[in-house]
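Engineer: So the sequences go chain by chain: A and B.
Counting from 1, one number per residue, gives the positions in the first sequence under the working numbering.
Counting from 1001, one number per residue, gives the positions in the second sequence under the working numbering.
One structure follows; several queries about it will come next.
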Amino acid sequence: MDAGTSYSPRPHFGRAPLPAFVSVPAFRSVLILRALAIVGACLLWSIDLQAGEGLKRVLQRGILIWGADQEGGGPFVYPSAADPNKLEGFEVDLAQVLADSIGVRPQFQQGQWEKLPDLMERGDIDIVLNGYEWTPSRAERYGVSLPYYIYELQLLARKDDKTLTSWDDLINPKDGRKKRVSVLGGSAANDYLEALGDKVQIARFDGTSDAMRAVELNADGVDANLQDLPIWIFYEQGFPRLTAIGNPVGRGYYVAMVRKNEPELLAAVNKAIFQALQDGTLRKILAKYRLWNTTQMMRALELNPNGEFVGDIDGAKSIEVEGEKATEETFHAVSGWEVIRQRGWLLTQSAGMTVLLAVTAMPLAILIGLIMAVTRRYGPWLLARLATAYVELVRGTPLVLQLYVIFFLLPEIGIAINAFWAAVFGLAINYSAYEAEIYRAGLQAIPKGQLEAAEALGFGKWLALRRIIIPQATRIVIPPVTNDFIALFKDTAVCSVITVVELSKQYYIQARSTGAIIELGILTGLLYLAMSYPLSLLAARLERQLSPDRHI
Amino acid sequence: MISLHNIVKRYGQNEVLRGVSLSVAKGEVCVLLGPSGSGKSTLLRTINGLETFNSGEIQVGDVTLRAEPGAARDAALRQIRQRVGMVFQQFNLFPHRTVIQNVTEAPIHVLKRDPEEARQLAKTLLDRVGLGDKCDMWPSSLSGGQQQRVAIARALAMNPQAILFDEPTSALDPRMTAEVTSVMTDLARSGQTMIVVTHAMGFARTVANTVHILHAGTIAESGSPQQIFESPQTEVTREFLAEAKRA
């Protein structure tokens, strides 16, 4: 059997040609985007990134750069328990096998999971190897390899939750309250649940272990998690309060991805995978991580001895949208005005969430900041020191960490908080430290004589602060506070780490599912601008009006 | 009415008030004179607690203010501040309040007076200092002399038993000084008890009942204006007066 032809990008499939391995004329927008990407990339790496140069580049460099996300990455890629500087995982072993077969060294590149294809398009990595499920849209946009694992999805719930012991409980809840199910955003589990229609609520997380932890803690009312089976096998011991519900569902394939225009590299990858499958290397690797199961064995990764894909394509598609095969088979990227028409309203609605977060969090931030600033300047010694410590602590730690702590720590100590309020409090606390500093400067700018005049008139300290000092300080701080308000608008994007879908997150979701990165990116930018520009104008106006020699 | 007994104030090793005693009778206009750094402003500000002191005591009516910090001193200060008004060198009007709001602020929020009554009183007082037509203006749009007259009206609105003036005309040019001095003279003629720290010799000579010369934290000489200006008894007073004449 001649490897050169057997692993060409055009193997056959059981029934219909699988778009993954067939060079169907690509959709125009994808082509345009790709052309743009390539033109852009060529300007920077004119030698490296010409079409068809992928394998040559890897060989010349002697290194295969593979991208994956080690955050919550078990059993795929994760920091070794013994030596956190080392990586473990079946994909680490697989990368070694791929690189060995090509005759180069593997080199790991960290990337946020959902951004890995973007990293590859940027030219940072040669190959995405991180539990990416085969989907028609991915097959359309990237060079997609032979599968290296057949995954299934496992429903997880709390052991002590008597209202959720089967799939039927999930879809037809006995108490009539819709169940809330966590998934990894953009994953096959997400698509599987979306295909169920509005029978369940979906909570999208950025990390797989976050999604499981949310079930354990009932954080944000999450009842269940639909998880890739390998991940559950890996994490089972870490979540003793969770249990598997029903049989695995939604079979599909993990595939490696290369750039669409690098078929030689894809062929080399396919050859390595097939080799590993035939000589038992893949089985050994999977068994090492307890991933070799009856599904893998009986389906033999769905290849015939010629390396031809014979898998159940309908089964793979059923993961995507059950009962809607027709639309699946005609999936195509959306672009231009069409995508704006289709998805623009979704983005605008998410901009509403951004506004809601900002206008709820900012007044709280100003209030807390004012209290801290006043306590520092006028409070008793101990309280003043505590306020200083608060400001330094909050200012010295990142917003994303604060959000994470609020979202996952408060339920741990028995305080239920949903994602929206966790986001509001996180933003408010983070910004309160900055508002405290602004107010401190504002209070310092009030001449000493003002407090003396008030005291001489018999004002108590609190009354003097409330009637005389704080109103004057407020005028001084309005311009910088307005500036911070604009900054907060943009920082709401960070809230997606605790599953709040605001404008940025919605953009990532929509851009990935349509391929319309540029069109939706422009719309998203315009929406942000539409929110922040009026504030900028207001800030400028206030600055003019409240300059020290005007008192209106 | 107001008496200070043996007031001592130190900043570290530096003794700025070295046991000062004086008393001011009801209706008396008492002027404190002395070179810069003699401690006259500091002395004035101990009376309503804007400055602390280390020993001695201050009597305002039946209220006694002692040096030791604590609840007793705070309570005494609350009473004293409602009875004794103050006018500052830099006016210290509240820039975020209109002229009339500056005058009504303390009566309404400290004395809990009816706002309408307080407004009526404020109008009367502003008329009295010649600013009845400026009620709704912002302090920053007034001249220094006008601002200081508003400050006097603001102090009067508390119906004080005495008013402390801390160099009320030092930040003003001669014409504005005259405006303010004339208001202060009217006040003195109406029987208002006043303690005035000033460099304005004319005011001291013509309006004061008693003049005290401070020097290096002590009272060098006290007496009627006539005594002090016509026949000063001490070298310190003579030097000070000669210095003032040259300036």
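Don't be surprised by glycine CBs; every beta carbon is placed ideally from N, CA and C.
Here the structure is a predicted model, which is why all the values come from computation and not from measurement.
Taking DSSP as the reference, what is the three-state secondary structure of ALA1102 (chain B)?
Structural biologist: The displayed chain sequence assigns Asn, not Ala, to residue 1102 (chain B). In this structure, ASN1102 (chain B) counts as helix in the three-state DSSP scheme.
Engineer: With a threshold of 7 Å between beta-carbons, can PRO471 (chain A) be considered close to chain B, or not?
Structural biologist: So yes, PRO471 (chain A) belongs to the interface.
Engineer: With the cut-off set at 7 Å, would you say TRP113 (chain A) and ASP69 (chain A) are in Cβ contact?
Structural biologist: Yes, the Cβ-Cβ distance between TRP113 (chain A) and ASP69 (chain A) is below 7 Å.
Engineer: For the stretch 1102-1109 of chain B against the stretch 1039-1052 of chain B, do three or more pairs of beta-carbon atoms, one drawn from each stretch, fall closer than 8 Å, so that the two count as touching?
Structural biologist: No, the stretch 1102-1109 of chain B does not touch the stretch 1039-1052 of chain B.
Engineer: How long is the line joining the alpha carbons of THR375 (chain A) and LEU399 (chain A), rounded to whole angstroms?
Structural biologist: Between THR375 (chain A) and LEU399 (chain A), the C-alpha separation is close to 23 Å.
Engineer: Between which residues of its own chain and GLY442 (chain A) is the CB-CB distance below 6 Å, once the five residues before and five after are set aside?
Structural biologist: Here the set comprises ALA473, ILE476, VAL477.
Engineer: Whose Cβ in chain A lies nearer than 7 Å to the Cβ of ASN1159 (chain B)?
Structural biologist: In chain order: nothing, as chain A lies at least about 12 Å away.
Engineer: Can you check whether the C-beta of PHE1094 (chain B) is within less than 7 Å of a C-beta belonging to chain A?
Structural biologist: Taking Cβ atoms only, chain A reaches closer than 7 Å to PHE1094 (chain B), which makes this a yes.
Engineer: Comparing the CB of PRO248 (chain A) with every heavy atom of the ligand MG, is any distance shorter than 6 Å?
Structural biologist: Judged by which ligands are present, the structure shown has none, so any question about the ligand MG falls away.
Engineer: Ends of the beta strand (DSSP E) at ARG158 (chain A)?
Structural biologist: Start and end: 143-158.
Engineer: What residue from A:GLU53, A:ILE102, A:TRP66, A:GLY67 has the CA that sits closest to LYS271 (chain A)'s CA?
Structural biologist: Comparing Cα positions, the closest option is A:ILE102.
Engineer: Of all Cβ atoms in chain A, is any one closer than 7 Å to the Cβ of ARG1119 (chain B)?
Structural biologist: Not one chain A Cβ lies under 7 Å of ARG1119 (chain B).
Engineer: How far does the alpha helix (DSSP H) with LEU119 (chain A) in it reach, from first residue to last?
Structural biologist: Counting along the chain, the alpha helix (DSSP H) containing LEU119 (chain A) begins and ends at 116-122.
Engineer: Is the Cβ-Cβ distance between THR1193 (chain B) and GLY1061 (chain B) less than 7 Å?
Structural biologist: No. Outside cutoff.
Engineer: Find the nearest neighbour of SER1036 (chain B) within the set B:ALA1200, B:ARG1238, B:ALA1216, judged by alpha-carbon distance.
Structural biologist: Ranking the options by Cα distance to SER1036 (chain B), first place goes to B:ALA1216.
Engineer: Can you give me the C-alpha to C-alpha distance between ASN293 (chain A) and THR388 (chain A), rounded to a whole angstrom?
Structural biologist: Roughly 57 Å between the two C-alpha positions.
Engineer: Return the CA-CA distance between GLU121 (chain A) and TYR132 (chain A), expressed in angstroms with no decimal places.
Structural biologist: Each residue's alpha carbon lies about 16 Å from the other.
Engineer: With LYS1009 (chain B) as the anchor, note down where its beta strand (DSSP E) starts and where it stops.
Structural biologist: That run of the beta strand (DSSP E) goes 1002-1011.
Engineer: For GLY449 (chain A) and ALA384 (chain A), what's the separation of their Cα atoms in angstroms?
Structural biologist: Taking the straight line from one Cα to the other gives about 22 Å.
Engineer: From the DSSP output, in three-state form, read off TRP292 (chain A) for me.
Structural biologist: Coil.
Engineer: Closer than 8 Å, Cβ to Cβ, to anything on chain A: give me those residues from the stretch 1041-1070 of chain B, in chain order.
Structural biologist: For the stretch 1041-1070 of chain B, which is checked against every Cβ of chain A, the residues closer than 8 Å are ASN1048, GLY1049, LEU1050.
Engineer: Please classify ARG541 (chain A) as buried or exposed, where buried requires at least 16 neighbouring CB atoms within 10 angstroms.
Structural biologist: Exposed, because fewer than 16 other Cβ atoms sit within 10 Å of the Cβ of ARG541 (chain A).
Engineer: Taking GLU952 (chain B) as the reference, give the member of B:ARG1246, B:GLU1221, B:GLN1227 with the closest Cα.
Structural biologist: Only positions 1001 to 1247 of chain B appear in the structure, and residue 952 (chain B) is not among them; the question remains open.
Engineer: Mind checking if MET1260 (chain B) is an interface residue toward chain A, Cβ cutoff 7 Å exclusive?
Structural biologist: Chain B is shown only over 1001 to 1247; residue 1260 (chain B) falls outside these bounds and no answer can be derived.
Engineer: Going along the chain, which residues of the stretch 1099-1129 of chain B sit with their C-beta nearer than 8 Å to a C-beta in chain A?
Structural biologist: Those would be GLU1105, ALA1106, HIS1109, VAL1110, LEU1111, in chain order.
Engineer: Does the contact criterion of 3 or more C-beta pairs under 8 Å hold for the stretch 180-192 of chain A versus the stretch 203-212 of chain A?
Structural biologist: Contact between the stretch 180-192 of chain A and the stretch 203-212 of chain A is present, because at least three Cβ pairs lie under 8 Å.
Engineer: Between the stretch 360-380 of chain A and the stretch 169-184 of chain A, are three or more C-beta pairs nearer than 8 Å?
Structural biologist: Touching, no, given that fewer than three Cβ pairs across the two stretches are closer than 8 Å.
Engineer: What are the start and end residues of each continuous alpha helix (DSSP H) run of 4 or more residues lying completely inside the stretch 1184-1236 of chain B, in chain order?
Structural biologist: Runs of the alpha helix (DSSP H) inside the stretch 1184-1236 of chain B: 1201-1207, 1225-1230.
Engineer: Quick check on the burial criterion: 16 or more other C-beta atoms within 10 angstroms. Buried or exposed for GLN402 (chain A)?
Structural biologist: Looking at its Cβ environment, which holds 16 or more other Cβ atoms inside 10 Å, GLN402 (chain A) is buried.
Engineer: How many Å lie between GLY143 (chain A) and ASP161 (chain A) at the Cα?
Structural biologist: So the alpha carbons of these two residues sit roughly 43 Å apart.
Engineer: Determine, for ARG343 (chain A), whether the minimum Cβ-Cβ distance to residues of chain B falls below 7 Å.
Structural biologist: By this cut-off, ARG343 (chain A) is not an interface position.
Engineer: To the nearest angstrom, how far is it from the Cα of GLN510 (chain A) to the Cα of ARG283 (chain A)?
Structural biologist: Computed Cα separation, rounded: 37 Å.
Engineer: Would you mind telling me which residues of chain A sit closer than 7 Å to MET1086 (chain B), beta carbon to beta carbon, in chain order?
Structural biologist: Those are ALA456, listed as they occur along chain A.
Engineer: I'd like to know whether the C-beta of GLY449 (chain A) is nearer than 7 Å to at least one C-beta of chain B.
Structural biologist: Taking Cβ atoms only, chain B reaches closer than 7 Å to GLY449 (chain A), which makes this a yes.
Engineer: Which residues does DSSP list as the beta-bridge partners of GLU983 (chain B)?
Structural biologist: Examination of residue 983 (chain B) is not possible in this model, given that chain B is present from 1001 through 1247 alone.
Engineer: Near THR482 (chain A), which residues of its chain fall below 7 Å by C-beta distance, leaving aside the five closest residues on each side in sequence?
Structural biologist: Only LEU535, LEU538, ALA539, LEU542 meet the Cβ criterion.
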